[in-house]
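A quick write-up on the structure given underneath.
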Amino acid sequence: MARRISLILPLLLAACSGGGDTTAPGPAPTPSPSPSPTPSPTASGDPLDQAIGDAAAAIRADTCRPAGANCAWTDRAYSPAEFEMAPNSGEAILIIDSLPRLPVRAIRFRKHIKGYFRLGAGGRMDTATTSWRIPAALWNALDRFSGPAFVPSQRLAPIGDAANQAYDGIAFDNIGHGSTVFSLIADNSPAQPLVLMDAIDLPAIAAADYCDAAGGDAAQARLVQAARRAADAIVALMRANDVRFVNYSAGHTFQTVRDSWQARCGTPLPAEAVLRDRLAAYAPIYAALFGTPGVLAVQAASESDGLHDAPYDQRIPAYRNRIRTGYFTTLASGLDDSGRGDIAVLQGWPARADADIFVNTGVLPQRPNAFNRTPLLQSDDFSTALFPITAPHTSWVAPLALARMIQLRFAQFPNRPFDDALIADIFGAATPALCPGQWDDRCAFQDPMLHGQTEAVRLGLRPREYTGIAAP
20 MARRISLILP LLLAACSGGG DTTAPGPAPT PSPSPSPTPS PTASGDPLDQ AIGDAAAAIR
80 ADTCRPAGAN CAWTDRAYSP AEFEMAPNSG EAILIIDSLP RLPVRAIRFR KHIKGYFRLG
140 AGGRMDTATT SWRIPAALWN ALDRFSGPAF VPSQRLAPIG DAANQAYDGI AFDNIGHGST
200 VFSLIADNSP AQPLVLMDAI DLPAIAAADY CDAAGGDAAQ ARLVQAARRA ADAIVALMRA
260 NDVRFVNYSA GHTFQTVRDS WQARCGTPLP AEAVLRDRLA AYAPIYAALF GTPGVLAVQA
320 ASESDGLHDA PYDQRIPAYR NRIRTGYFTT LASGLDDSGR GDIAVLQGWP ARADADIFVN
380 TGVLPQRPNA FNRTPLLQSD DFSTALFPIT APHTSWVAPL ALARMIQLRF AQFPNRPFDD
440 ALIADIFGAA TPALCPGQWD DRCAFQDPML HGQTEAVRLG LRPREYTGIA AP
């Protein structure tokens, strides 16, 4: 499994789970055409070079050390009022993940973040707050390249090198599943505003009713009602922030509910029927995530235990706007830009029935993690460089599939209104029916990085081939 399980931050992952009542998540929006960002012309000169050099020099000259007397620190809070970015497609990405606070790597992209939210008691949607405490010289350097104009992370490698040397003894807060997912999305989707939402967990929304081990009907009814309010709040958040894409590298199954019970509730496991009721209560939320009209969702796939234990992981009409993403790892896929090729030598994860698309990481899973010239890349701790991922997880490839969906939207369907018909056509283009012998003749194995099928490449903001160095 490779998705974030509730309560476990790093590399574990959950499987979606379900049951219970489903509710229609609000009326369909009035379709309206969205502008298509246009590729940037290649610059004949590089006006950023001097600014980058000056910023790197200022960091190298900084005397700030963890216990140094001459350290000048700054405390800064995230503010949605700073939102300003270019290019801006007007079609936002909602990232739902473990984000109890925003990582240091989000500082440079903070003006791309339209809002930061968290579900509160009873299912209401609250504005979340966060702040950063870092050396003032580092803040000033990152702030110079924070927008509104997009500056690719790899352009700022000298700043990252200087920061790693100058602040070697400082532990910057970039730990967590959501931080990694952010590092895979922000630089690779340069024209999409970002809306961030902390993890979805019913124990945090209605703890007393969720943890009622007796399994009373009244407690379950209240819990389902809280989930419905949360679902309505999520849809309202999408509408208010022009969300058209969702990245969800998480999920709930019977196993995740059972395994997290004692940590969340502090009591022995209740009867199985109680656990299944708690799982079923998530149904309205998943209906909102995967069935809201005009919103395309990408989810990290996981091994499915079947409809009974993992109902939210199933391919069903109610989740028509969701695509489940798996992965394969090879240095030479041999696939063309439609996904045609010999897939007999490619090993996908999870099973074919559990994912709708499999994307190549371009990085071998065994150390020293050899990578090809077009590997899946993530930003460094300061969003000032890119390096290949070192472990394959569906949590990490969902952002790549998302980048491909966004690229298809603007490369093939730039003038279409964003509705369910468009989403179906994007999914169809992502896995075209050109591969006889595969499931539904769909070319499910794809290599977007090999063919430059991301918005960052299409807009001329990232080269197709990786020009950096391996992760330290």
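Start counting at 1 in the sequence shown, then tack on 19, and there's your number in this note's numbering. All C-beta atoms in this analysis are idealised placements derived from N, C-alpha and C, irrespective of residue type, glycine included.
With H, G and I counted as helix, E and B as strand and the rest as coil, what does DSSP make of residue i?
i	result
residue 47	Unreliable placement is indicated for residue 47, whose pLDDT of 38 sits below 50; no coordinate value is reported for it.
residue 397	strand
residue 267	strand
residue 224	helix
residue 277	helix
residue 154	strand
residue 364	coil
residue 341	strand
residue 464	strand
residue 102	coil
residue 373	helix
residue 483	coil
residue 258	helix
residue 218	coil
residue 241	helix
residue 53	Any answer about residue 53 is weak, because its pLDDT of 44 lies below 50 and its placement is not dependable; what the coordinates show is given next. In this structure, residue 53 counts as coil in the three-state DSSP scheme.
residue 440	helix
residue 213	strand
residue 60	Note that residue 60 scores a pLDDT of 45, beneath 50, so its modelled location is shaky; the value from the coordinates is reported in the next line. In the structure shown, residue 60 sits in coil (DSSP, three-state: anything other than H, G, I, E or B).
residue 74	helix
residue 96	strand
residue 79	helix
residue 137	strand
Apart from the five residues just before and just after residue i, which ones in its own chain have a Cβ nearer than 6 Å to its Cβ?
i	result
residue 303	42, 246, 247 and 250
residue 253	307
residue 471	483
residue 239	296
Excluding five sequence neighbours on each side, which residues of the same chain lie with their C-beta closer than 7 Å to the C-beta of residue i?
i	result
residue 464	347, 354, 358, 362, 365, 367 and 377
residue 430	477
residue 10	Absent from the model: residue 10. The displayed extent of the chain is 20 to 491, so no value can be given.
residue 167	103, 104, 105 and 130
residue 380	346, 348, 394, 395, 408, 411 and 416
residue 473	207, 422, 423, 426 and 467
residue 172	206, 398, 402, 403, 404 and 405
residue 154	81, 83, 90, 91, 92 and 186
residue 428	445
With burial defined as no fewer than 16 other Cβ atoms inside 10 Å of the residue's Cβ, what is the status of residue i: buried or exposed?
i	result
residue 259	exposed
residue 217	buried
residue 373	buried
residue 150	exposed
residue 386	exposed
residue 129	buried
residue 325	exposed
residue 184	exposed
residue 53	With a pLDDT of 44 at residue 53, under the threshold of 50, the modelled position of that residue is not reliable, and no figure is offered here.
residue 69	exposed
residue 460	exposed
residue 152	exposed
residue 424	buried
residue 89	exposed
residue 475	buried
residue 392	exposed
residue 266	buried
residue 288	exposed
residue 110	buried
residue 453	exposed
Return no unless some Cβ of chain C is closer than 7 Å to the Cβ of residue i.
i	result
residue 68	No chain C appears in this structure, which consists of one protein chain only.
For residue i, which residues of its own chain have a beta-carbon under 8 Å away from its beta-carbon, when the five flanking residues on both sides are left out?
i	result
residue 79	181, 184 and 185
residue 273	36, 294, 295, 298, 324, 327, 328 and 329
residue 176	403, 404 and 487
residue 350	381, 383, 389, 390 and 391
residue 261	109, 110, 111 and 212
residue 277	288 and 294
- Query: Are the region 189-204 and the region 409-420 touching, with three or more C-beta to C-beta distances below 8 Å?
  - Reply: Contact between the region 189-204 and the region 409-420 is established, with three or more Cβ pairs separated by less than 8 Å.
- Say whether the region 334-350 touches the region 310-322, bearing in mind that this needs 3 or more beta-carbon pairs closer than 8 Å, one atom from each stretch. Segments in contact, yes.
- 3 or more residues per run - each beta strand (DSSP E) lying fully within the region 108-135: As far as the region 108-135 is concerned, its whole beta strand (DSSP E) runs of at least 3 residues are 111-115.
- Message: With three or more beta-carbon pairs closer than 8 Å as the criterion, would you say the region 158-175 touches the region 132-140?
- Response: no
- If you scan the region 139-209 from start to end, which runs of the beta strand (DSSP E) of 3 or more residues do you find wholly inside it? 144-146 and 150-154
- How about the region 118-138 and the region 180-195: do they share at least three Cβ pairs that are nearer than 8 Å? They touch, by the three-pair rule.
- Query: In chain order, which continuous runs of the beta strand (DSSP E) of length 3 or greater are located wholly inside the region 300-354?
  - Reply: 315-319 and 341-347
- Unbroken alpha helix (DSSP H) runs of length 4 or more, entirely within the region 404-437: which are they? 413-431
- Any 3 or more C-beta pairs closer than 8 Å across the region 218-229 and the region 277-294: yes
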